[in-house]
Structure formats: structure tokens, C-alpha cells
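S.K.:
Protein chains: 2
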Amino acid sequence: MASTASPFSLSLSAKQTTSSAPQKPHNNYSYVCFPRFQNPKFDLNRSWVSLAGASRGVRSRICASSAQVVDRSATKTDSGVPTIVEVDLGDRSYPIYIGSGLLDQPELLQRHVKGKRVLVVTNTTVAPLYLDKVIDALTTGNPNVSVESVILPDGERYKDMDTLMKVFDKAIESRLDRRCTFVALGGGVIGDMCGFAAASFLRGVNFIQIPTTVMAQVDSSVGGKTGINHHLGKNLIGAFYQPQCVLVDTDTLSTLPDRELASGLAEVIKYGLIRDAEFFEWQEKNIHALMARDPDALAYAIKRSCENKAEVVSLDEKESGLRATLNLGHTFGHAIETGFGYGQWLHGEAVAAGMVMAVDMSHRLGWIDDSIVKRVHNILEQAKLPTAPPNIMTVDMFKSVMAVDKKVADGLLRLILLKGPLGNCVFTGDYDRKALDETLHAFSQS
Amino acid sequence: MASTASPFSLSLSAKQTTSSAPQKPHNNYSYVCFPRFQNPKFDLNRSWVSLAGASRGVRSRICASSAQVVDRSATKTDSGVPTIVEVDLGDRSYPIYIGSGLLDQPELLQRHVKGKRVLVVTNTTVAPLYLDKVIDALTTGNPNVSVESVILPDGERYKDMDTLMKVFDKAIESRLDRRCTFVALGGGVIGDMCGFAAASFLRGVNFIQIPTTVMAQVDSSVGGKTGINHHLGKNLIGAFYQPQCVLVDTDTLSTLPDRELASGLAEVIKYGLIRDAEFFEWQEKNIHALMARDPDALAYAIKRSCENKAEVVSLDEKESGLRATLNLGHTFGHAIETGFGYGQWLHGEAVAAGMVMAVDMSHRLGWIDDSIVKRVHNILEQAKLPTAPPNIMTVDMFKSVMAVDKKVADGLLRLILLKGPLGNCVFTGDYDRKALDETLHAFSQS
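Chains as they are written, first to last, in the working numbering: chain Y, 1 to 446; chain D, 447 to 892.
This is how it looks when you write it as C-alpha cells:
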């Protein structure tokens, strides 16, 4: 996957790994280093967050693009010059490298490996494609490092304690010590499991993520949420644990199945809906380029998604409130995944249907107008994502799974709902129960 | 277990829960707010820590006794007025309450419960003795709180993933949410498992410890180490996770079996050896009072042990180096526990034999003189603790388990060894391998 001059490399000079990257002039349509939401009203007691309003100037280390946000795919990226999104979490800060051919740059990965022992955690699908390449990247010019690997079965249904134990077994049998590094090579399931294993092995070892799906690149690679599923619910057991770095080699997307690509785009679309209207508008114009895997369009979507998530996570690492807004559609979506059986639908597919339900409920509450409902349907359809849950889902199935959602607090289910113009949302338990019931009945069997 | 005026309540006025506690005059033989070690030379690159030397004045929130350190049992404690040892870890700081009758003071526990839902994790031995009492303490005058409990099988052999899953199952089936509180009621195994469950359930919920053994009161209740065993080694899977508070009701020791009491004293003795010579001397004079369960002697030993551990943990929460010194005898001891089978010997029994081996090796290296070797043997014998590993242990059994010890770094086994006058130790990989071999051959079959 070839790519040339980067439209995303601006304002990143201090972070660039080569000095030859082109510097574009700033223009007047800029989001440089301003958070995309303005005046966050953040009241934990009331359990909601409004992202509407206007307080500017909160500077973060997440440097957004200084170039135009539309027609992104018309510009080309420099091969091998990574864009860097810095996730600012104090002494747990880390860089996300995004670009083409990054796995061919051993020094990028090796600078974040601590100790002499590495365990690569991957799965049966990704291992034949990229394991050798990653081992080369870890060991080229670095003969003192020894690399072990554990290859797990592929799929959300294996994101459980039994499979996690295989990682511990391998680490312990290989006599890895506290100075080792775990590397997650794969999608979100591998990232979540490897991250939780790294958090728990000897009470915490170094951790690097190499996400190979859009979903993992735009979502699970940012923010340190790790964990496994319980048969009664998703991600109920885990840890907040930050990696040393995330390396997104966009070349790995060339082998991604279409359905996986679309699943990842569901999360990309989410960022636009909850906090970045311009990004959503860019997506509407570029959805065909994204579906056609235009490398620059994908790289831009990944970068801007990571920036959005990194901004939110920097402000609320442990999900006291604001971070919960990243879960638009996820409460309904988790119910679909749990009720339908893990692995029947991809995560992003369930989230897409869940977002439609959240948007429907927001509309029933009178919080958004018709046009937003239609635009959400349109973009999801163009991305070939579902806009309703599977027929098998019943109201009771939704309710029973939603009752154990992590966002329930003292028995009250809080939801992320859109409110106001495009790009604004709330996280709240303060809504009319009738609207929730109507949405559940409109989208599932009684 | 009645007790009267406290000799340990000095310098704690800001923390006392009643204003009527007596204030003793300071005397000249005082350790108030000075760490017991002096001039810690702390060089991570060299992987050792020397506690010898003299740099004073590091002030901590851990307030040591201002009264004489000998003949402690001659003074009596005030019933119901807890001594408080504050573990200073920034925003993860917490108090340890120590005293008689504390479970009869509901307000002490309730002030640290967050949310309306509590899960008490205990075992089949402790539940019949104290579960009702703890539920009363949680709910008296507090009808909005609902308490669930899970009763695990008792013993180190159940400190595994299968048993841990029972805690998650109960929490999830009970639909506990992020605002719940987990309470560990029992010994070290319960504390470690409940703590790891609290760290991992929904990526972290509130956690309170009510340790009911001397071992748990002086060791596992301080410092946030949680975890479970793997069949290849102890505590290989876990998290650093701090409780909201620790409540040590010394009355619970009245039901502790003799062997468990002695096991806990092994850790008490360890604190004297690694960093507190005066405490060791106090123990030599009071070992019979401790074995006879004199309540004031026990309360003093618990308090001073907690202070020692809290000081070390405050300086090195994540065990970069200094904290490792708390593991005197534990590398040999873990090998005994693993090789002999978990649960054959109590943890403190294995540690006692392990300390004898570490002391023997220190002597072979020429780092300590004969008198320390003899005094260690004497006090352990008086505490009815083993002074050698079980006959079944072979040199190879030691070596194979020690190879996966968490203190191995890049293949080098680092050990805690005594060096210099009583009360001084080092954590080092820089020792003559011959001494280790000689010690292993002296204490086990070839």
C-alpha cells in the first residue's frame, strides 16, 4: 500500500522521526491543539456531561490537523514518516504512531521495548500474515532480544479467562520476568486480552500494541481499557493499563476483510456524532473512499479518531463521566453481542445498530431533529453496517444485559444520547423511561 | 479480649476517632516520624539497596510510637480507640485501624464504604465466626446498604483462577456495579484474592480489608499487593491495588489456631531483621507474651510491623527496589511452598525456614557475624517455627522454582540478604554463586 506526502504531519515537527517531512502552511480552518468539544459541563453528581457551549484554549499534547478537514484523500502521505498522536496521561503518556510501512522501521518499535524478553500475543488469523514481520522488527539489529509468541484462537468468543490463562501459561513456562515486554499483534480482542495479561502478569509488565484492524486502531488502542468477557456480559473483568506505545502500520489493513473494515468505521462514525461534527461531515463526503480503502482517507480517519479518543481519555482516564460518552451505542450494542452470542456480529456491527437505537431514543426525547436521524442511517448504510439489531433480540434480552452494564450506578442505567446540534451528546440517567421502552419495542420483539 | 489504656496512641491525635484518648508525654527514646532505616542507598541499575548509613529527617505520615519500645505488654490499650497507621501513597493513601472491639463500631467501617452495595468475600472457616458480625457492622444504622457474600474454600491451594472466578460470578450475578465495595474478611489468601477481584471487576471497585490473622494484619493488609497463584509459582498473576481502609480488630485473633499465630510472627520477626533492630530486641524479650497472646504485645507487634511495612511501601509502592527487601526469606520460602505443595506448610512457616537459609547464605558471604545467625535460630525456635525446609526439598526443586521468581531480572536472581549489624539488609544480584549453592546443599537433598 503505497502512499506519499502526508496531509497530517503538521504541527508534529517535534515528534517526527525524520526531518524531511513536508510542513504545510496553517490555514484559517484549523483545530490545532484545541479540543473539539467546547465548554464541557461536567457534573458527576448529576451524572451527565454536556459537550455544548464555548470555552476555548485547553491546550493538550494531542495535536490535531492544521490542514483542511475535507477532501483529505486528495493529499498523499509520506511513506515511512509516522504521524504521531500523543496520549497525555502524565507518567503514563504514550505515543500512537500512524503510517505506512512502520513495521519496516525496527527502531520505532525497539525504542519502546524494555528488557531482553518479548512475548508476542496474536491469533491464528494474524500470525501467518504478520508474526514473522513483527519478530523481524523486534530483533533486526538487536540480537540480545529473544521473542516468544503465543497464538490464540481468533474471535470474540475466545475473549475469556480460559484463553487468557494460555498467555500466563506461556509467559510463566518461558520464565519471563518483570522486565519483559508483551506485544499485542491483532485486533481488539487480542489487544484487550494481551493488555490485561500484561497488567496482571507479575502485577504488571511493559506492553506494546500493534493493532491490525481499523477497530483496534481507532478504539481499543487508545486509553488503556483491557479485559475479558464473562458469560453474563462483555468486558466485566479487566484493568486500566496503558501501553508504552501503539504502532499502527496502515499496510496491515490490506489484508482486512470487508466486514471488519466496516465494523471499524462504526467507531469512526461515532466520534463524529458525539463530539466532532466536521469530522462527521468529512466522513459523509469520503465514505466511498474509506470503503474503497483509499490509504490516505483511512490514515486520516484513524488519526482523527485517535485524536478524539485521546483528548477524551486525557481528561478522564478512569471513566468518571466524560469518557463514558465514547460508548455511544455500546450499551445497546453490548446487549446485542451478549444476547446474540459473542462472535455472531462483529463489535462495530453491534455498535452501529446500537447507535441507531440511541439516536432513535434521543429523537423520541426531542433532543435531536430528524435530519440527524437520517444522516446516521445514511452513512451507516453506505458503510454497509446494520441499522437495526438482529431479529432474534427481544426487549427482555436487552433489559437483562443492560442491567449489568458497567454504566449502571446504584441501580440507575445511564446512557449516552445525542442532544442538540450534530456533534453533541450527554451521558445521563436523567431521561424519560418511556422513551427507552419505546425504542426497545420499536427495535426488538416484545 | 479486654484491653485498656493504649501505649500506641501517641502522636496520633489528629487521627483519633474519639477525643478522650490519653496523650502520653514524649520521652527521649523516640522514633516519632523518622524512618527506621537511615541513608537508603538506592541504585536501581546496580539492583541493590543498602539500608546502612545515616540520613535523617524524611518525614512520613506513618507515625511511630513515641513510647519506650521495651516492656510494651506492661501497658494496656484503650478498648475501642483504634491506633491508626496511615499508609502514605498520595491519592491512594489509606488508614489501618488497629484495636480491640473495632467491629463493634459500625461508623468506622461505614465511613469507607462507597455506594449502596457490598460484597463480603470470606472463607468457610471465617464465615461462621465473623461474617454476621461484619454484616451487622456494615448495616447497623445504615439500612440503605445491601450486603452480599461469597464464601470460598479455605486454604492457599484455592488461591487460583477457578476460585477467583467464583467471586466474579457472584458479583456479576448480584448485578453489582462500579459503585460497589468489596470487603475481604479473612487471612492473606482472602485478602489477596478479594483485592485482585476488586482491582479487576469492572476494571476496579472499592475495596476494604478486615484481616483476621496475624499474617494478614502485618503483611498482606499493607501495600496493595493482590493476586493469585499459578501452578508453577506463587502470586504470579495479580495487581497493585490499594484498599480504602484496613480494619484490624485484634479480638479476631482469639480464634486463631496456634500454628497460624506463629506463622504470622515469622513476618513480624522479618521486620526486625531487615530494618528495625530495636523491634527485634523487643521481640526477643516479648516472644513468650506474643505466643501467650497477650493482647497488648500482639497489638504492639502488629502496629510496629504495619508501620515498618507502610514506610517501605510509601517509598516504593511498585517494588522498584526497596520494597523487595520485605521479601527476606521469601524466595527460598516460595520454593518450599511450591515444591512441597501449597497448603502443606503455612506461608510464615516457609518464610521462617527461608529466612534461616538467607541468614545462612549471608553468613557464608561474610556479611553478618555468628551472633545474628544464633539469634535468628533462637527466636524462631521460641516461636515454634521451622528452622529448615522439609526433608522432601531438593536443590533442583529450589532452583527450578527460584528461576521463575518475580525478583529475577534479565535472568539474574536477586536476593534479600542481611549485611552489617542487626537490622540491615541488601537486595542484590551481586553475590558469589558459590554461597547460594552451599546454602542450598546445606539445607536440602542434592
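Glycine residues also receive a C-beta, built at the ideal position from the N, C-alpha and C atoms.
#1: My output table needs one value for residue 780(D): the three-state DSSP class, helix, strand or coil.
#2: Kindly indicate if chain Y contains any beta-carbon less than 8 Å away from that of residue 623(D).
#3: List, from N- to C-terminal side, the beta strand (DSSP E) runs of 3 residues or more that fit wholly inside the stretch 833-890 of chain D.
#4: Would you kindly work out how many angstroms separate the C-alpha atoms of residue 333(Y) and residue 584(D), rounded to a whole number?
#5: Any idea which residues DSSP pairs residue 211(Y) with across the strands?
#6: How many angstroms separate the CA atom of residue 576(D) from the CA atom of residue 594(D)?
#7: What does a CB cutoff of less than 6 Å around residue 884(D) pick up in its chain, not counting 5 residues either side in sequence?
#8: Please tell me whether residue 674(D) and residue 606(D) are closer than 8 Å, where the distance is taken between their beta carbons.
#9: Going along the stretch 644-656 of chain D in order, which residues come within less than 8 Å of chain Y, judged by CB to CB distance?
#10: When DSSP labels each residue in this structure, what does residue 288(Y) get in the three-state scheme?
#11: Using a cut-off of 9 Å between C-beta atoms, extract the partners of residue 195(Y) located in chain D.
#12: Between residue 227(Y) and chain D, is any beta-carbon pair separated by less than 8 Å?
#13: So, for residue 878(D): in the same chain, excluding its five sequence neighbours on each side, which residues have a beta-carbon less than 7 Å away from its beta-carbon?
#14: Can you pull the chain Y neighbours of residue 852(D), defined as C-beta to C-beta under 9 Å?
#15: Is there contact here, the stretch 839-850 of chain D with the stretch 686-693 of chain D, by at least three beta-carbon pairs under 8 Å?
#16: Looking at chain D, which residues of the stretch 235-269 of chain Y have a Cβ within less than 7 Å of any of its Cβ atoms?
#17: Looking at chain Y, is there any beta carbon in it that lies within less than 8 Å of the beta carbon of residue 864(D)?
#18: Is it the case that the Cβ atoms of residue 642(D) and residue 670(D) are separated by a distance below 8 Å?
#19: Taking 8 Å as the cut-off, does the stretch 617-631 of chain D touch the stretch 555-575 of chain D (at least 3 CB pairs, one atom from each stretch)?
#20: If we ignore side chains and look at the alpha-carbon of each, how far apart do residue 668(D) and residue 845(D) end up?
#21: Do residue 188(Y) and residue 213(Y) count as a contact pair if the criterion is CB distance below 8 Å?
#22: List the whole-angstrom C-beta distance separating residue 133(Y) from residue 103(Y), where the pair is believed to meet the contact cut-off of C-beta under 8 Å.
#23: Does any CB atom of chain C fall closer than 8 Å to the CB of residue 165(Y)?
#24: In chain D, which residues lie less than 8 Å from residue 403(Y) when you measure between Cβ atoms?
#25: Closest to residue 859(D) by CA distance: which of 415(Y), 179(Y), 263(Y) is it?
#26: 8 Å is my cut-off, CB to CB: does residue 396(Y) come that close to chain D?
#27: Can you tell me which of 422(Y), 151(Y), 293(Y), 402(Y) puts its alpha carbon nearest to the alpha carbon of residue 255(Y)?
#28: Assuming residue 139(Y) is part of the alpha helix (DSSP H), what are its boundary residues?
#29: Give a yes or no on whether 8 Å exceeds the smallest Cβ distance from residue 326(Y) to chain D.
#30: Run down chain D in chain order and give the residues with a C-beta less than 9 Å from the C-beta of residue 233(Y).
#31: Any beta carbon from chain Y within less than 8 Å of residue 614(D)'s own beta carbon?
#32: Using beta carbons (cut-off 8 Å, strictly below), is residue 230(Y) in contact with chain D?
#33: I'd like to confirm the pairing. Which residues does DSSP put opposite residue 684(D) in its beta bridges?
#34: At a CB-CB cut-off below 9 Å, which residues of chain Y make contact with residue 855(D)?
#35: Please state whether the Cβ-Cβ distance between residue 97(Y) and residue 82(Y) is less than 8 Å.
#36: If residue 565(D) sits next to residue 616(D), beta carbons under 8 Å apart, how far is it from one beta carbon to the other, in whole angstroms?
M.R.: Taking the geometry as given:
#1: helix
#2: yes
#3: 861-864, 871-874
#4: 37 Å
#5: 186(Y)
#6: 14 Å
#7: 810
#8: yes
#9: 645, 646, 647, 648, 649, 650
#10: helix
#11: The contacting residues do not exist; residue 195(Y) stays about 11 Å from chain D at best.
#12: yes
#13: 811
#14: 177, 178, 202, 203
#15: no
#16: 236, 237, 238, 239, 240
#17: no
#18: no
#19: yes
#20: 29 Å
#21: yes
#22: 5 Å
#23: In the structure shown, chain C does not exist; the protein chains are Y and D.
#24: 621
#25: 179(Y)
#26: no
#27: 293(Y)
#28: 132-139
#29: no
#30: 618
#31: yes
#32: yes
#33: 673(D)
#34: 115, 177, 178, 179
#35: yes
#36: 7 Å
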